[in-house]
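In what follows, a structure is listed as structure tokens, so that the remarks can point back to it.
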DNA sequence: AAGAACCGTTGTACTATACAACTGAAACCG
DNA sequence: CGGTTTCAGTTGTATAGTACAACGGTTCTT
């Protein structure tokens, strides 16, 4: 296998396409297993809010290619659950800055721990080198795609 | 960077987790761009039916970790669109074997071409070696996960 | 000050999905 | 053989997630 470029590009691209698709199909079910207590997308948004140390709904929409109405409702859910709070921006009354509450940070920490454990388990047999290379490839793949403007043409 | 196992496992697992998640989040939107004419999941199922040269609804459910009711409705949609047909299995009257129609095969071919082009474009700058290795890693990752029994605990 | 641009909410509609209850067919078993 | 269990698929019901469109405040631009 280490011979030298024996595998044609076409075939590799095919495999990548197929496997990434397969992954995506199952991601949802997998996510639900890891943190069943939180409505999945809400969790993702909460994580982003936390990472950013507070952000606006519009930022979330832009980052995840979601409609602002979708984000609005997700945030409303998170607020109802007491996981985020909205702080009106003093300088711009249109904006509300979102912050995780104490409870939100807690939930997030727990979920992250679980998820992390699941990944650790799944990748247990991998060598450190393989892990590093796989991570690098994924990073490369994803950042390459981020450039496109993506017309938000989701199914409706 | 090629020094030797400088990157700790933990960090790589983190990156893999984050990037795979990011990928999954965007997969749906991306899929819609590539073949907007077909309801996404229906497309996936149709592709599977085609690959298998005919299969049962139960097979689809098992393969994609979907409830049979979900598959039933998806198949119904595909049938309504004239993309698949059901042939009662002669030996077992419970079973209906699904086959793509002419039109179904056509739609599938077009969508696949588009999707393939999108992947080719995205992976244009990659060397054949990198593609092969990335493909191998994805395959390894996904097949490792397939073993688990996965209690189908999807969000509802 | 008028209009444009922006932020977020709400109304409406649709897809994807699950679980539960059901019908019909086949297999098992005593 | 006849009863029970198992299997395949459908339908009822409920929910998450999403989009688009229309709207009400806010801020910026000219």
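Residue numbers (our numbering), protein chains in the order written: chain L, -12 to 143; chain D, -12 to 143.
All C-beta atoms in this analysis are idealised placements derived from N, C-alpha and C, irrespective of residue type, glycine included.
Taking 8 Å as the CB-CB cut-off, is residue 129 of chain L touching chain D?
The count along the first chain starts at 1 and reaches residue 129 of chain L at position 142. It does; some Cβ of chain D falls within 8 Å.
Am I right that residue 33 of chain D and residue 110 of chain D are in contact with their C-beta atoms under 8 Å? What's the rounded C-beta distance?
As a position in the second chain, residue 33 of chain D is number 46, starting the count at 1. As a position in the second chain, residue 110 of chain D is number 123, starting the count at 1. Rounded, the Cβ-Cβ distance is 24 Å, inconsistent with contact.
Just to check my reading of the structure: residue -6 of chain D and residue 119 of chain L have Cβ atoms closer than 8 Å, yes? What is that Cβ distance to the nearest angstrom?
In the second chain, counting from the first residue as 1, residue -6 of chain D sits at position 7. In the first chain, counting from the first residue as 1, residue 119 of chain L sits at position 132. Sure, about 4 Å apart at Cβ, within 8 Å.
Within chain D, the residues that residue 4 of chain L reaches when beta carbons sit closer than 8 Å:
In the first chain, the residue the question calls residue 4 of chain L occupies position 17. Those are 102, 103, 106, listed as they occur along chain D.
Note the first and the last residue of the continuous beta strand (DSSP E) segment covering residue 58 of chain D.
As a working note, residue 58 of chain D is residue 71 in the second chain. Looking at the DSSP string, residue 58 of chain D is not in any beta strand (DSSP E); the run it does join, the alpha helix (DSSP H), is 55 to 67.
In the DSSP assignment, find the beta strand (DSSP E) that holds residue 83 of chain D and state where it starts and stops.
For the purposes of this step, residue 83 of chain D is taken as the residue at position 96 of the second chain. Unbroken beta strand (DSSP E) run through residue 83 of chain D: 83 to 87.
So, are the CB atoms of residue 71 of chain D and residue 87 of chain D less than 8 Å apart?
Residue 71 of chain D sits at position 84 when you count from the first residue of the second chain. Residue 87 of chain D sits at position 100 when you count from the first residue of the second chain. Yes. Within cutoff.
Looking only at DSSP bridge pairs, what is residue 71 of chain L linked to?
For the purposes of this step, residue 71 of chain L is identified with residue 84 of the first chain, where counting begins at 1. In DSSP, residue 71 of chain L forms a bridge with L/87.
Three-state class that DSSP yields for residue 43 of chain L in the structure shown
What you label residue 43 of chain L is simply residue 56 of the first chain in a count that begins at 1. Note: residue 43 of chain L maps to strand in three-state DSSP.
Pairing CB atoms from the segment 66 to 85 of chain D with CB atoms from the segment 40 to 47 of chain D, are three or more of them under 8 Å?
yes
Could you tell me if residue -3 of chain L is buried or exposed, where buried requires 16 or more neighbouring beta carbons within 10 angstroms of its beta carbon?
By one-based count along the first chain, residue -3 of chain L stands at place 10. Classification for residue -3 of chain L: exposed.
Shorter than 8 Å from the beta carbon of residue 0 of chain D to some beta carbon of chain L?
By one-based count along the second chain, residue 0 of chain D stands at place 13. The beta-carbon of residue 0 of chain D is placed less than 8 Å from the nearest beta-carbon of chain L.
If I follow the unbroken alpha helix (DSSP H) through residue 35 of chain D, where does it start and stop?
Here the question's residue 35 of chain D lines up with position 48 in the second chain. Its alpha helix (DSSP H) spans residues 28 to 38.
To the nearest angstrom, report how far apart residue 143 of chain L and residue 27 of chain D are at their CA atoms.
Along the first chain, one-based indexing puts residue 143 of chain L at 156. Along the second chain, one-based indexing puts residue 27 of chain D at 40. Caution is warranted here: a pLDDT of 33 is assigned to residue 143 of chain L, below 50, making its placement in the model unreliable, and the coordinate value is therefore given only provisionally. For residue 143 of chain L and residue 27 of chain D, the distance between alpha carbons rounds to 11 Å.
Whole angstroms is fine: what's the gap from residue 134 of chain L's alpha carbon to residue 5 of chain D's?
On the first chain, position 147 is the one that residue 134 of chain L refers to. On the second chain, position 18 is the one that residue 5 of chain D refers to. Its pLDDT being 43, under 50, residue 134 of chain L is placed unreliably in this model, and the value from its coordinates should be taken loosely. So the alpha carbons of these two residues sit roughly 18 Å apart.
In whole angstroms, give me the CA-to-CA distance for residue 114 of chain D and residue 128 of chain L.
The residue you call residue 114 of chain D lines up with position 127 of the second chain. The residue you call residue 128 of chain L lines up with position 141 of the first chain. Going by the C-alpha atoms only, they are around 13 Å apart.
Can a CB atom of chain D be found closer than 8 Å to the CB of residue 11 of chain L?
Within the first chain, residue 11 of chain L is the residue found at index 24, counting from 1. It does: the Cβ of residue 11 of chain L has a partner Cβ on chain D nearer than 8 Å.
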